[in-house]
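Let me begin by presenting the structure, written as structure tokens, before commenting on it.
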Amino acid sequence: MASAQVNFKNTLGRIKPMHATNNGPVGKVGGYNSSWTVTEERHDRHVVGENIYEFAMAGIPYARTHDASFLATYGLSHTIDVAAIFPDFDADPCDPDSYDFACTDHYLDMIEAAGTKVFYRLGHRIEHEIKKYGTLPPKDFQKWAVICEHIIRHCTEGWANGHKRDILYWEIWNEPDLRYKEPPEVSHPTWGGTKEQFFELYHVTATHLKRCFPHLKIGGPAVAGSLNWTRAFLAQLKAPLDFFSWHIYTNTPEKVIARAEAMRALLDEYGFRHTESILNEWNYVRSWEPAPLRYSYAQQNRSKGASFTLATMCAAQRSAIDMLMYYDARPTTNWNGMFDMSQIEHSTLTGYYPFPMFNVLYRLGTEVASTADDPDIFVCAARGEKSAAVVLTHYNDDDDTEKKPVRVELDGLDEHTEAEFYLLDDDHRLTLTQKLTFGGDRFAWEIDVPNHTCYLILLKEK
57 MASAQVNFKN TLGRIKPMHA TNNGPVGKVG GYNSSWTVTE ERHDRHVVGE
107 NIYEFAMAGI PYARTHDASF LATYGLSHTI DVAAIFPDFD ADPCDPDSYD
157 FACTDHYLDM IEAAGTKVFY RLGHRIEHEI KKYGTLPPKD FQKWAVICEH
207 IIRHCTEGWA NGHKRDILYW EIWNEPDLRY KEPPEVSHPT WGGTKEQFFE
257 LYHVTATHLK RCFPHLKIGG PAVAGSLNWT RAFLAQLKAP LDFFSWHIYT
307 NTPEKVIARA EAMRALLDEY GFRHTESILN EWNYVRSWEP APLRYSYAQQ
357 NRSKGASFTL ATMCAAQRSA IDMLMYYDAR PTTNWNGMFD MSQIEHSTLT
407 GYYPFPMFNV LYRLGTEVAS TADDPDIFVC AARGEKSAAV VLTHYNDDDD
457 TEKKPVRVEL DGLDEHTEAE FYLLDDDHRL TLTQKLTFGG DRFAWEIDVP
507 NHTCYLILLK EK
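Right under this line is the structure:
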């Protein structure tokens with residue numbers, strides 16, 4: 057029998073924002089509250105084609121704006137990207153009339169309406185088209201930096217009839233290292249210049265923005281994952297790097313953590329010991345070959361994808377990762393395992409529920425010691441003043457893995473504690489399955505846990 061142990065008296069530090077996403081909600085702005093929880097209110101306000109309410113219930117801490125310009129309800133090609141906001145590069149970057157902020161402002165309003173903070177990606181969406189536009193190197197790097205400066209001033213200082221939003225993170229570009237095994241004209245979908253050109257763009261932009269906004273976090277560059285490219289970037293870097301962002305798509309949490317440790321080691325090696333390490337694109341992918349990729353898409357919104365997501369959140373909490381940002385909350389057919397906007401009764405898919413589950417821990421705030429003696433059992437726990445919670449999942453990428461008997465041992469509780477047990481699988485969407493009241497400071501719960509099954513245990517001292 058596997059054992060999962062939690063000691064609520066052994067506090068470890070803060071619960072990190074492991075349930076952030078790429079992109080935000082869709083819907084009318086106003087009337088939402090991120091203090092809601094999915095176990096308290098169950099979709100009674102869902103509107104077809106909208107998901108701000110569900111987004112608020114999940115308590116998503118940050119939404120990265122990358123690839124927002126793919127979605128019409130966000131504003132399509134008029135949204136977020138520098139080339140969309142400043143369409144004529146020959147225009148005056150200090151003239152408000154050179155900018156078009158309308159769709160971007162509305163999109164950021166929707167994110168903030170759900171109680172979520174914006175993580176702004178400066179640059180351009182990925183371009184799969186035969187001809188590239190926004191991913192080509194800007195004609196003048198210093199002018200591009202000044203344009204970015206005025207975008208920040210519009211969003212945070214009210215410039216050009218703007219807003220005073222609390223946007224802390226500003227990311228320079230996305231995946232400049234990405235290359236496909238296709239003809240040259242389509243093989244560079246995110247950066248059309250040389251490695252050295254990007255190094256210069258980052259240096260010019262980060263230096264300028266940090267000088268203008270010393271209180272903001274300036275970083276990037278959201279590498280696709282190449283360790284060699286990362287080493288070359290860090291080795292020559294003389295510009296500010298408040299956070300380093302990187303991506304991985306894989307099929308086990310162990311591979312995520314291994315990449316995280318490698319990235320942290322490189323940052324430390326080159327003197328960036330205080331730079332945050334942010335994994336801001338990740339999802340379940342068994343392989344990039346066509347058949348397993350189709351399989352991966354199918355699993356992302358089912359119990360397997362949900363279990364992988366929760367397991368990765370639990371593992372990342374105890375890793376060198378400072379923030380996780382799931383790709384993608386944008387309501388699309390592929391990559392989004394969270395929402396199906398066409399549904400009348402429920403817009404949320406099975407893959408949505410790890411986010412409100414982890415948010416329970418995030419709101420409690422303080423991580424407590426939790427361990428499992430089986431590599432397929434992932435557990436994480438937190439406590440507040442009078443309440444606590446545990447999340448647990450059984451994850452293995454082998455679909456034939458049998459269920460495991462697990463003994464969950466909870467120590468350090470109040471003498472009288474109420475416990476509620478919620479189940480998540482393909483047939484249960486955080487369904488309350490059991491309620492108990494027990495005395496003493498210890499409690500043990502034995503259960504057979506099928507592969508790809510998740511549990512949330514809520515504990516309240518009486």
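The number in our numbering is simply the position in the sequence shown, starting from 1, with 56 added.
Idealized CB from N, CA, C, for every residue including glycine.
Treat the numbers as computed from the prediction; the structure is a model and nothing was measured.
- The continuous beta strand (DSSP E) containing E423 extends over residues T422 to A428.
- Where A385 is concerned, there is no enclosing alpha helix (DSSP H), because DSSP gives it neither an H nor an E.
- Taking a 10 Å sphere around the C-beta of N79, we find 16 or more other C-beta atoms and assign the residue as buried.
- Counting C-beta atoms within 10 angstroms of its own C-beta, W338 has 16 or more neighbours from the protein chains shown and is therefore classed as buried.
- Cβ contact annotation for A362 (same chain, cutoff 7 Å, sequence separation greater than five): T406, G407, Y409, P410, L480 and C510, in chain order.
- If you compare the alpha carbons of D298, K65, A128 and E317 with that of V82, the shortest gap goes to A128.
- Look at the beta carbons and you see the region 422-434 touching the region 63-74: at least three pairs across the two are nearer than 8 Å.
- C436 is bridged by DSSP to V447.
- In this structure, the beta-carbon distance from N392 to A114 does not fall below 8 Å.
- According to the DSSP assignment, R177 belongs to the beta strand (DSSP E) that extends over K173 to L178.
- In the structure shown, Y409 adopts coil according to DSSP, grouped into three states.
- Looking from the CA of T365, the closest CA among E310, W302, R267 and E476 belongs to E310.
- In terms of Cα proximity to D455, the closest of D161, N307, L290 and V174 is N307.
- By the neighbour-count criterion, in which 16 or more other beta carbons inside 10 Å mark a residue as buried, W226 falls on the buried side.
- Assignment of S398 by DSSP, reduced to helix, strand and coil, places it in the coil class.
- Here the alpha carbons of D233 and W285 stand approximately 7 Å from one another.
- Bridge pairing for Q490: F477 [DSSP].
- Contact check for D378 against E325 fails: the beta carbons are separated by 8 Å or more.
- Counting the other CB atoms within 10 Å of its CB gives W344 a total below 16, which places it among the exposed residues.
- Counted as a single uninterrupted DSSP element, the beta strand (DSSP E) harbouring N336 occupies residues E332 to Y340.
- For S359, the enclosing alpha helix (DSSP H) stretches over residues S359 to Q373.
- D146 counts as exposed, since fewer than 16 other C-beta atoms from the protein chains shown sit within 10 angstroms of its C-beta.
- M166 is positioned such that its CB atom lies closer than 8 Å to that of I108.
- Taking R419 as the centre and dropping the five residues before and after it, the same chain places the C-beta of G115 closer than 7 Å to its C-beta, in chain order.
- Membership of D324 in the alpha helix (DSSP H) is indicated by the continuous run P309 to E325.
- Bounds of any beta strand (DSSP E) do not take in F328, whose DSSP letter is neither H nor E.
- Cβ atoms of P149 and V202 come within 8 Å of each other, at about 5 Å.
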